[in-house]
Amino acid sequence: MTLPSPIQQIKHPLFSDNKLKVFIKRDDLIHPIISGNKWRKLKHNIHFAKENGYLGILSFGGAYSNHIHALAYAAKEQGILSKGIIRGEQHYQHNTTLSQAIRWGMSCDFIDRKTYRLRQDPDYLARLQLQYPDYFIVPEGGSNILALPGVGEVITELKTQVDFDTLMLPVGSGGTLSGLIQADKNQHNILGIAVLKEAHHIKEQVQSLLAQCDIRKDIKENTSEHVKWQLFENFHRGGYAKFNVEDEQRIYQFVQESGITFEPVYSGKMLLALLDLISEGYFKQAQTIVLLHTGGLQGLNGLIEQKKLSTSLSI
Ligand SMILES: *Cc1c(COP(=O)(O)O)cnc(C)c1O
């Protein structure tokens, strides 16, 4: 584990022309296999499962899920079992993501898309818990309230690393964004970039996670009152894991210029949003912006396997 994760400045003419300083916090370097933000979210979940006598963790994901991949490896490392409830057919067990997860000891159940939609339904979850009583059930993406304190350590680390105005991150299920908001306590602007279409429910998910935390803490500090965070819903580029050739080219060019690998599902969409927002004059001059590189580079292999890339994006 490389913690605290390193921070580095990115130099680019667009940044200096606009009198902006841009840093990147390299959570992608925390661990060679476990995707950065997934490690932070899983940490307290795994601890909780062990403390409470569960034999393993059960969670949900798509066939190329960073979360499933990270869970399989982290569980193996921490000496507990893992089970993946996977959207799609059995043959996905041979793909690059799941074949590794299975090699690390994860067992997978494959379910159809309709059943997968029940993944937050209390009755469905109760039945699953009866079927697998020894497993602690963690939602898709690892985004429950146990995820928040792990993510909050990003803020603790940043305080010792750089003075900044704005923190930007890609947003899927909202767990990472919630953890940052909770730990930040209104000190910085936090800009989430939704990577999927119709992201309105994510805002509710964030508010609900923050409210649950406030209740646990008897509302001593009401984090749902954090007013300096925003979720941008217009930078999804067509939907989850969708991007066009031009998007890919722009990411590729930036990878070449910066020497930092971005993938087009999460970190690349955050990057394109940053470039677009700067071009629109969104940021005040002399601001310092920190990008959170959430990891996810295993997903690049999945995109290559699915022939969704026309260039090799990595450096
Ligand atoms: C899962 C993931 C995200 C999204 O995090 P949420 O907490 O689900 O919003 C962002 N980046 C990467 C690389 C991820 O794997």
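The numbering of the sequence shown is the numbering used here, which starts it at 138 and goes up by one.
Yeah, the Cβ is synthetic: ideal placement off N, Cα and C, and Gly gets one too.
Per-residue DSSP class, three states only, for residue i
{"i": "Pro321", "result": "Residue identity check: residue 321 is Asp in the sequence provided, not Pro. Three-state DSSP puts Asp321 in a helix."}
{"i": "Asn381", "result": "coil"}
{"i": "Ile144", "result": "strand"}
{"i": "Leu306", "result": "strand"}
{"i": "Arg250", "result": "helix"}
{"i": "Gln443", "result": "coil"}
{"i": "Gln422", "result": "coil"}
{"i": "Phe185", "result": "helix"}
{"i": "Leu450", "result": "coil"}
{"i": "Ile167", "result": "coil"}
{"i": "Thr398", "result": "coil"}
{"i": "Ala284", "result": "helix"}
{"i": "Ala336", "result": "coil"}
{"i": "Val392", "result": "helix"}
{"i": "Tyr269", "result": "coil"}
{"i": "Glu417", "result": "coil"}
{"i": "Leu434", "result": "coil"}
{"i": "Arg353", "result": "helix"}
{"i": "Arg374", "result": "coil"}
{"i": "Thr297", "result": "coil"}
{"i": "Gly405", "result": "helix"}
{"i": "Gly279", "result": "helix"}
{"i": "Asp258", "result": "coil"}
Bridge-paired residues (DSSP) for residue i
{"i": "Lys220", "result": "Leu195 and Ser244"}
{"i": "Met138", "result": "Partner(s): none; Met138 has no beta bridge."}
{"i": "His149", "result": "DSSP output for His149 lists no bridge partner at all."}
{"i": "Trp366", "result": "Ile327"}
{"i": "Ile274", "result": "Leu195"}
{"i": "Val427", "result": "Phe160 and Leu304"}
Status (buried if at least 16 other CB within 10 Å, exposed otherwise) for residue i
{"i": "Val382", "result": "exposed"}
{"i": "Arg224", "result": "buried"}
{"i": "Leu459", "result": "Given a span of 138 to 452 for the chain in the structure shown, any question on residue 459 remains unanswerable."}
{"i": "His373", "result": "buried"}
{"i": "Gln342", "result": "buried"}
{"i": "Ser310", "result": "buried"}
{"i": "Arg177", "result": "buried"}
{"i": "Ile352", "result": "exposed"}
{"i": "Met305", "result": "buried"}
{"i": "Arg254", "result": "exposed"}
{"i": "Thr448", "result": "exposed"}
{"i": "Asp258", "result": "exposed"}
{"i": "Asp165", "result": "buried"}
{"i": "Thr293", "result": "exposed"}
{"i": "Lys406", "result": "buried"}
{"i": "Gly418", "result": "exposed"}
{"i": "Ala423", "result": "exposed"}
{"i": "Leu267", "result": "exposed"}
{"i": "Ala263", "result": "exposed"}
Closer than 8 angstroms to chain D by CB, residue i
{"i": "Gly375", "result": "Protein chain content of the structure displayed is limited to a single chain, and chain D is not contained in it."}
Close-in-space but distant-in-sequence residues of the same chain around residue i (CB under 6 angstroms, 5 per side omitted)
{"i": "Asp154", "result": "none"}
{"i": "Leu314", "result": "Val308, Gly329 and Val343"}
{"i": "Gln215", "result": "Ile183"}
{"i": "Ser395", "result": "Ile147"}
{"i": "Trp241", "result": "Ala209, Tyr210 and Lys213"}
{"i": "His149", "result": "none"}
{"i": "Lys158", "result": "Thr425"}
{"i": "Gly433", "result": "Ser172, Asn203, Glu400 and Tyr403"}
{"i": "Leu440", "result": "Leu446"}
{"i": "Leu218", "result": "Leu192 and Gly193"}
{"i": "Phe301", "result": "Thr425 and Val427"}
Own chain residues within Cβ distance below 7 angstroms of residue i, not counting five before or after
{"i": "Ser244", "result": "Lys220"}
{"i": "Ala207", "result": "Ile171, Ser172, Lys175, Trp176 and Leu179"}
{"i": "Asp271", "result": "Tyr191, Leu192 and Gly193"}
{"i": "Glu442", "result": "Asn232 and Thr233"}
{"i": "Gln319", "result": "Leu285, Gly289, Leu347, Cys350 and Thr360"}
{"i": "Lys156", "result": "Gln422 and Ala423"}
Same chain, Cβ closer than 8 angstroms to residue i, five either side skipped, listed in chain order
{"i": "Leu437", "result": "Thr398, Glu400, Leu446, Leu450 and Ser451"}
{"i": "Lys379", "result": "His373"}
{"i": "Leu409", "result": "Phe372, Arg374, Asp384, Arg387 and Ile388"}
{"i": "Leu412", "result": "Leu151, Arg387 and Phe391"}
{"i": "Val299", "result": "Ile144, Phe160, Thr425 and Val427"}
{"i": "Thr297", "result": "Pro141"}
{"i": "Pro276", "result": "Ser196, Phe197, Arg256, Gln257 and Ser310"}
{"i": "Lys334", "result": "His373, Gly375, Gly376 and Tyr377"}
{"i": "Asp246", "result": "Lys220, Gly221, Ile222 and Ile223"}
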